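Number of protein chains: 2
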Amino acid sequence: MTAAIQQLRETLAEVDDLKRAAAVLEWDLETYMPPGGVEDRAAQLGTLGRLAHELFVSERTRRLLEAAEAEVAGDDFDSDDASLVRVTRRDLDLDTRLPADLVAEAARAGAANRSHWQLARERSDWSLFEPSMRQTVEISRSMAAAIGYEGRPYDALLALNEPGVTTSQAEALFGELRAAILPLLRDVLDRADRVDDSVLDRELDTGRQLALSLEVAQRFGFDLERGRQDLSAHPFCVPFGPGDVRFTTRVRGTARDSSLFSSMHETGHGLYNQGIPRSLARTPLWDGASGGVHESQSRLWENVVGRSRPFWNYLFPVLQSAFPAQLSGLDAEAYYRAVNRVRPSYVRVDADEVTYNLHIMIRFEIENDLLEGRLEASQVPEAWDAKVENYLGLPPPPVADGPLQDIHWSQAPMGSFASYTLGNVISAQLMETIRGDIPALDGQLAAGEFGPLLDWLRARVYIHGRKFTPSELLERVTGRSLSATPWITYAQTKFGDLYALD
Amino acid sequence: MTAAIQQLRETLAEVDDLKRAAAVLEWDLETYMPPGGVEDRAAQLGTLGRLAHELFVSERTRRLLEAAEAEVAGDDFDSDDASLVRVTRRDLDLDTRLPADLVAEAARAGAANRSHWQLARERSDWSLFEPSMRQTVEISRSMAAAIGYEGRPYDALLALNEPGVTTSQAEALFGELRAAILPLLRDVLDRADRVDDSVLDRELDTGRQLALSLEVAQRFGFDLERGRQDLSAHPFCVPFGPGDVRFTTRVRGTARDSSLFSSMHETGHGLYNQGIPRSLARTPLWDGASGGVHESQSRLWENVVGRSRPFWNYLFPVLQSAFPAQLSGLDAEAYYRAVNRVRPSYVRVDADEVTYNLHIMIRFEIENDLLEGRLEASQVPEAWDAKVENYLGLPPPPVADGPLQDIHWSQAPMGSFASYTLGNVISAQLMETIRGDIPALDGQLAAGEFGPLLDWLRARVYIHGRKFTPSELLERVTGRSLSATPWITYAQTKFGDLYALD
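Protein chains in written order, with the working numbering: chain A, 1298 to 1799; chain B, 1298 to 1799.
In structure tokens:
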């Protein structure tokens, strides 16, 4: 008779196949699907999602999991089998608590609200989106109630994205960050003229931009035998398995909106997935540890590497030889400074490193206020405007560049924004350890040698897939729990130097 | 309580969703998937295929079908409900006989053998493909045995593709065709110098070729809001639903290998699928009547239209203005003659209309010999070479242009080649009726007006989807059963004129 763990693996492999197939359909929807495909595709995705869910929460899976738990009881915590059983238990408990009807309602509402969001954004009219926002809040509350929580409803939603992280922990983190960022930002803005980024407005050929961003992705270590780059309106990365990890980028006409940073960001996600071993494939362990840990890799490669001085010492000559006319008379240092200029703005995805976390705080606070009844859907724009003034010192934006800028609130449940800031914080915490382990790192980056960094990340982070919670992973890799300090030190040092603060 | 037919429709919709999702994964595999994706994709396709099969042959579906049969007992044979129940019964009886494991094995083997085929073809080395061929034969035999047959294993495989057609009927048809084609070919080759096709060797820009072939597809009536054209090594057409029908093409450097005819061929398939009403979607009725009837549409648009004199009266000026330097000093008649030159060659997809069916006979005979044990996988190349000499009068080809030229034998079961010749025969039989109904057809084609022809096909053929067997459809549309005579008359008339035979 086959061991329960083996039978469990077979069932989980089927569930994974269904989810990955759905991911292929979603990738296609964003990249190549003709407009007429919407109706058929929605039906196909609905069926795949329902079947995957039914198979996963079935009585049979539950029985196999119980038997497997008994089988692996004495195994090492870190072993593949023990981790598989532990993570499957966590997922199954969560998925079992969510009623199928509620999940279906969320999917239906999400499909409809996505187009309401598009229209509302196009017309910059909150009233067109307000009913959708109300629905998102209601479904999020119902889901939080179904999952269960002790103090704060956001805790239940965090459990879906960031296992082990609580709302008050996140609030404390945001508090520390705010206390450091606001004075830093003030100092920087007092010396705004010390960094000139006008070079970024020069026009660059889009074909050559795309070729260059793909070249950088490969240089970082992204394997095109096991992945692709395509175009889509909103860049994303999606893994179909260890042999096929894809990301998308977008390209516009100037260096300011170049595809390069978007590609480096998605490449970071892609490197993570390409680095998770095939031995974990077709199980719930074959993925990143959490949304935040995944984001730590996109932010690490995009910012900590891709906006660093050594990186630009390497890349600038390459960029200059791709665009000799546009970039003549400049040097690496000037370009490094330009891509790091700090400038409060309305749109999160265009934000610099200093202000980015402020954009997340705005959303995190509003989500909590909505969930806990301190704010109505109708009041979101005014709350938004107040926070934009408070944090970013800017006058109220058009609502299209305010609460309508992100697609996220058209999809229930809320609760995924915190992962972006966790990603920033984790990337800096990892980098502190990496710098200890690889003292020659800056020299390597300046030589375009990314192998030692990638090898370190693969051996210490990627190899574990989804075995550990974010804190378990950080404890193992950095020797301490999640902390805002490394990011604060990183930002103060980097921007203190750039703006010649005291 | 919901009527059984309604519940049956819901289950069939889920089965269809799974199959269409698999089709998206297969399309992607041929167009964009990186090489490393093979293993994961094979697993995903295996699971989707198995789940679709299990759901379809489940006890529940069977009970619903029985109840639905009672409900529609008095309905008109041609009605949607009666047809749905009748075709579902036929499919269910067939699929019930096929064990789920065998179906999953075929899907897994197909995904793996596709890449073996690619490599073997690249290196023109049969030994690299021989194990795959053996596997295809074994799976085909197992499937034939599972389906059951009285005389010939090929009967069982034909039942999957061409309901109502038997091996001996196909053999009789091939016999009639052979008896007409071989003397026609002899006569034509005796006067080979009467048609000059040297113009086809002029080099044409590939980008402009692709644009032109897409323009012709649209001109025929292919709707790009509900479809796409992409590139792949082996052109194909695949429908994901009424709103998303895709075809691929390939492009090479000369007019001889232009993408035009390949695109017109796949466009024919695409027009068929785009013309099947949405009311039949997500049921077994939303597809072509059979492989052969589907092929009748690709051959009708590629050859009966696309290689006709009136069509070239329309298209030649368009082609000439796309390639003024290469096509100067020519006229429509010269080009019409060039694209119809008869010349025995190795590659099926490049074959002229006279020799094309001989290519199919080679494959049909070898498949029967393999299935009935008269031939081993290792002996395929020598059997191939002998038939190439016999039918086409040519010396042995490199194996890449011999039995490795088609992807088909990487996929089990065999048995689909006969549909190509059925397609030719059916296209001519339909065209005979069409010419009676639309006397002005040639004038319309010469004016680039394809609407009346497409409308006729939609109203008489496409609208029925898969309601009828090939003979039921032909009886309804042409008033008689499948016959080789219209094709033979068509070929003798057309090539008699072209080569000025007596």
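Using N, Cα and C, we set each Cβ at its ideal position, and we do this for glycine too.
Given the structure is predicted, the values throughout are model-derived calculations rather than measurements.
- Assigned with DSSP and collapsed to three states, B:L1528 falls in strand.
- Distance from B:P1450 to B:E1669 at the Cβ level is roughly 6 angstroms; contact confirmed, criterion being Cβ atoms closer than 8 angstroms.
- For A:N1665, the number of other beta carbons within 10 angstroms of its own is at least 16, and it is reported as buried.
- Per the DSSP secondary-structure output, A:P1536 pairs in a beta bridge with A:V1542.
- Per DSSP, the unbroken alpha helix (DSSP H) holding B:S1618 starts and ends at 1606-1619.
- Here A:F1471 really is in contact with A:F1661; their C-beta atoms are around 6 angstroms apart, less than 8 angstroms.
- Here B:T1503 carries a helix assignment [DSSP, helix/strand/coil].
- In terms of CA proximity to B:G1565, B:R1755 leads the group B:R1755, B:L1667, B:I1444, B:A1417.
- Looking at the DSSP output, B:T1463 sits in no beta bridge, so it has no partner there.
- At least one C-beta of chain B is nearer than 8 angstroms to the C-beta of A:R1579.
- Proximity of A:A1340 to chain B, defined by a Cβ-Cβ separation below 8 angstroms, is satisfied.
- Annotated three-state conformation of A:T1580 is coil, per DSSP.
- Residues of the segment 1306-1326 of chain A with a C-beta atom less than 8 angstroms from some C-beta of chain B are A1310, E1311, D1314, L1315, R1317, A1318, A1319, V1321, L1322, D1325, listed in chain order.
- Taking 9 angstroms as the cut-off between beta carbons, the residues of the segment 1341-1372 of chain B near chain A are Q1341, L1342, G1343, T1344, L1345, R1347, L1348, L1352, in sequence order.
- Here B:Q1303 is exposed: its Cβ has fewer than 16 other Cβ atoms, across all protein chains shown, within 10 Å.
- Taking C-beta atoms as the reference points, A:V1651 and A:L1481 count as a pair closer than 8 angstroms.
- The segment 1308-1321 of chain B and the segment 1533-1548 of chain B touch, with three or more beta-carbon pairs separated by less than 8 angstroms.
- Below the 7 angstroms Cβ cutoff, chain A contributes no neighbours of B:R1638, its closest Cβ being approximately 37 angstroms away.
- Ranked by Cα distance from A:L1511, the options A:G1567, A:P1460, A:E1356 are led by A:G1567.
- For the segment 1503-1523 of chain A, the residues whose beta carbon sits under 8 angstroms from a beta carbon of chain B are, in order, D1520, L1521, E1522, R1523.
- With contact defined as three or more Cβ pairs closer than 8 angstroms, the segment 1304-1316 of chain A and the segment 1350-1359 of chain A are in contact.
- Looking at the DSSP output, A:T1551 sits in a beta bridge with A:E1500.
- Rounded to the nearest whole angstrom, the CA to CA distance from B:I1478 to A:A1408 is 57 angstroms.
- Neighbours of B:F1544 in chain A, taken as residues whose beta carbon is under 8 angstroms from its own, are absent, since the nearest beta carbon is some 12 angstroms off.
- Counting every other CB atom within 10 Å of its CB across the protein chains shown gives B:L1770 a total of 16 or more, marking it as buried.
- Scanning its chain for C-beta atoms nearer than 6 angstroms, with the 5 sequence neighbours on each side dropped, one finds around B:S1421 the residues P1695, V1696, A1697, in chain order.
- With respect to A:N1637, A:R1604 sits close: the two C-beta atoms are nearer than 8 angstroms.
- Beta-carbon to beta-carbon, A:L1455 and A:S1437 are separated by about 12 angstroms, too far to satisfy the 8 angstroms threshold.
- The straight-line gap separating the alpha-carbon atoms of B:S1778 and B:Q1726 is approximately 9 angstroms.
- Distances from the alpha-carbon of B:L1689 to those of B:R1645, B:I1731, B:A1709 put B:R1645 closest.
- Scanning its chain for C-beta atoms nearer than 7 angstroms, with the 5 sequence neighbours on each side dropped, one finds around B:S1713 the residues N1458, G1588, H1705, in chain order.
- In this structure, DSSP gives B:S1642 a state outside helix and strand, which the three-state scheme calls coil.
- Rounded to the nearest angstrom, the Cβ distance from A:E1592 to A:G1720 is 3 angstroms, consistent with a contact under 8 angstroms.
- In the structure shown, the three-state DSSP call for A:A1586 is coil.
- Cβ-Cβ separation between B:A1586 and B:F1765: approximately 6 angstroms, consistent with a contact (criterion under 8 angstroms).
- When A:K1791, A:Q1708, A:D1734 are compared, the shortest CA-CA separation from A:W1414 is found for A:Q1708.
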